[in-house]
Amino acid sequence: MDHDPLASLPDHAVENRRYWNADAANWVASGERNWAQPDPTWGIWGVPERALGLLDGLESGMRAIELGCGTGYVSGWMARRGAVCTGVDLSEAQLATASRLAGEHGVELTLHHGSAEATPYADASFDFAISEYGAAIWCDPHVWLREAHRLLVPGGRLAFLGHHPFATVCTPWDGSPVGETLVRPYFDLHRTDWRHVPVEPGGVEFTLPFEGWFALFREVGFEVLDVREPRPSADDRGQRFFVDAAWARRWPSELAWKVRKAG
Ligand SMILES: C[S@@+](CC[C@H](N)C(=O)[O-])C[C@H]1O[C@@H](n2cnc3c(N)ncnc32)[C@H](O)[C@@H]1O
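Heads up, our numbering is the position in the sequence shown plus 1, with the first residue counted as 1.
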């Protein structure tokens, strides 16, 4: 019998699968909006692709994989640019939305239910990999970056966007929104377990200090092409999830990397 990868998930993935299955209904409306949008905008501040260039290097006909695809709109955007797309996600409820929306938009996607930390695909089977708040924050970077590297052809690009370490360091211990005080130790950043916080408990996330990201890229075999700190526009007065725009105009709340598998 085939080995079932969902039978041997690490504890953070078991929790994140539970969390995302329970929360999936709350992501349907934003998934529908994003699928309906012709041009990509990224992250919680909706920074346009022309400003961020997360799809730089993606060409028509390329095989692209989205690691932690959620409702699948990033894969939809890539498919409309001519890429042949595979979306991987741990939540069957999120994948059900992705599958429905892909069908409604007439976009062909391959959707795989499993963890981005261990996919079933052969070495070098993709030209481009991406994650917007998927594996980028919900998977252990020491594991998923190795997996992304394995999946890419030499010279293949990986782009990913998630929380900035500043935002994690400034998040109070009770899980309430980002404040103006340094709270969590910067140098120890890796795994943040939200299961037992009083404010909106659930999920286990990951990030690293800058030195840690660079060391890991070197160790795994990625060359850094660019690093970006997306900001809200000057007229944005909104609160998004755990951070408000006024905070994020002054300090970085998001971090995006563009890296390339060394050839
Ligand atoms: C916020 S969504 C990302 C999709 C979309 N770009 C967005 O921002 O809404 C996070 C997704 O990561 C998925 N996820 C969490 N852990 C995962 C893992 N180990 N492997 C694959 N997907 C995972 C969740 O199921 C969820 O659908």
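Quick reminder that beta carbons are idealized off the backbone N, C-alpha and C, glycines included.
How would you call His197, buried or exposed, if buried means at least 16 neighbouring beta carbons within 10 angstroms? For the purposes of this step, residue 197 is identified with residue 196 of the sequence shown, where counting begins at 1. Exposed, by the Cβ-count rule.
Apart from the five residues on each side of it in sequence, which residues of its chain come closer than 6 Å, Cβ to Cβ, to Thr87? Numbered from 1 along the sequence shown, position 86 holds the residue referred to as residue 87. Ile66 and Thr111, listed in sequence order.
Spatial neighbours of Met2 within its chain, please: C-beta separation below 7 Å, excluding the five flanking residues on both sides. The residue you call residue 2 lines up with position 1 of the sequence shown. Bear in mind that the predicted position of Met2 carries a pLDDT of just 44, short of 50, making it unreliable; the figure below should be weighed with that in mind. Cβ within range, chain order: n/a, list empty.
Who's in the neighbourhood of ligand 1, going by beta-carbon under 5 Å from any heavy atom, listed in chain order? Near ligand 1, meaning a Cβ closer than 5 Å to any of its heavy atoms, lie the following residues in chain order: Ala14, Asn17, Trp21, Gly69, Gly71, Asp90, Leu91, Ser92, Gln95, Ser116, Ala117, Glu133, Tyr134, Gly135, Trp139 and Cys140.
How would you write the range of the alpha helix (DSSP H) that Ser100 sits in, first residue to last? Counting from 1 along the sequence shown, the entry for residue 100 is found at position 99. Glu93 to Glu105 is the extent of the alpha helix (DSSP H) around Ser100.
According to the Cβ coordinates, are Ile131 and Ala160 closer than 8 Å? Here residue 131 refers to the residue found at position 130 when the sequence shown is read from its first residue. Here residue 160 refers to the residue found at position 159 when the sequence shown is read from its first residue. Contact flag set, yes.
DSSP state of Gly77 mapped onto helix, strand, coil: Here residue 77 refers to the residue found at position 76 of the sequence shown. Reduced to three states, the DSSP call for Gly77 is helix.
CB of Cys184 within 8 Å of CB of Trp174, strictly: Your numbering for residue 184 matches position 183 in the sequence shown. Your numbering for residue 174 matches position 173 in the sequence shown. Strictly speaking, residue 184 in this sequence is Val, with Cys absent from that position. Yes, these two residues count as a Cβ contact at 8 Å.
Which residues in the same chain have their Cβ closer than 8 Å to the Cβ of Val228, if we skip the five residues on either side of it in sequence? Position 227 of the sequence shown, counting from 1, holds the residue named residue 228. Cβ neighbours of Val228 beyond the five flanking positions: Leu256, Ala257, Trp258 and Lys259.
Where does the unbroken beta strand (DSSP E) through Ile131 begin, and where does it stop? As a first step, residue 131 is located in the sequence shown; it is residue number 130 there, counting from the start. That run of the beta strand (DSSP E) goes Phe127 to Glu133.
Work out the CA separation of Ser92 and Asn22 for me, nearest whole Å. Position 21 of the sequence shown, counted from the start, is the residue given in the question as residue 22. Position 91 of the sequence shown, counted from the start, is the residue given in the question as residue 92. When rounded, the distance between both Cα atoms is 5 Å.
Compute the beta-carbon to beta-carbon distance between Ala125 and Leu153, rounded to the nearest angstrom, for a pair I have assumed lies under 8 Å. The residue labelled residue 125 in the question sits at position 124 within the sequence shown. The residue labelled residue 153 in the question sits at position 152 within the sequence shown. That pair is a contact at about 7 Å.
Who pairs with Ala52 in a beta bridge, going by DSSP? Taking the first residue of the sequence shown as position 1, residue 52 is located at position 51. None; Ala52 has no bridge partner.
Short Cβ contact (8 Å threshold) for Gly83 with Ser100: Within the sequence shown, numbered from 1, the residue matching residue 83 stands at position 82. Within the sequence shown, numbered from 1, the residue matching residue 100 stands at position 99. No, they are not a contact pair.
Along the chain, where does the alpha helix (DSSP H) containing Glu16 start, and where does it finish? Walking along the sequence shown from the start, residue 16 turns up at place 15. Boundaries of the alpha helix (DSSP H) around Glu16: Asp12 to Asp24.
I need the straight-line Cα distance from Pro253 to Glu109, nearest angstrom please. Residue 253 sits at position 252 when you count from the first residue of the sequence shown. Residue 109 sits at position 108 when you count from the first residue of the sequence shown. Taking C-alpha positions only, Pro253 is separated from Glu109 by approximately 36 Å.
Roughly how many whole angstroms lie between the Cα atoms of Cys70 and Pro186? Within the sequence shown, residue 70 is the residue found at index 69, counting from 1. Within the sequence shown, residue 186 is the residue found at index 185, counting from 1. Their Cα atoms are separated by approximately 30 Å.
Rounded to the nearest angstrom, how far is the Cβ of Gly280 from that of Phe129, given a contact under 8 Å? Past the edges of the chain, shown from 2 to 264, lies residue 280, and the structure says nothing about it.
Phe243 and Pro166 closer than 8 Å at C-beta: As a position in the sequence shown, residue 243 is number 242, starting the count at 1. As a position in the sequence shown, residue 166 is number 165, starting the count at 1. 8 Å or more divides the Cβ of Phe243 from the Cβ of Pro166.
So, at 6 Å on beta carbons, what are the nonlocal neighbours of Val221 in its own chain, with the 5 sequence-adjacent residues on each side left out? The residue given as residue 221 occupies position 220 in the sequence shown. Excluding residues within five positions, the ones whose Cβ falls inside 6 Å are Leu146, Arg147 and His150.
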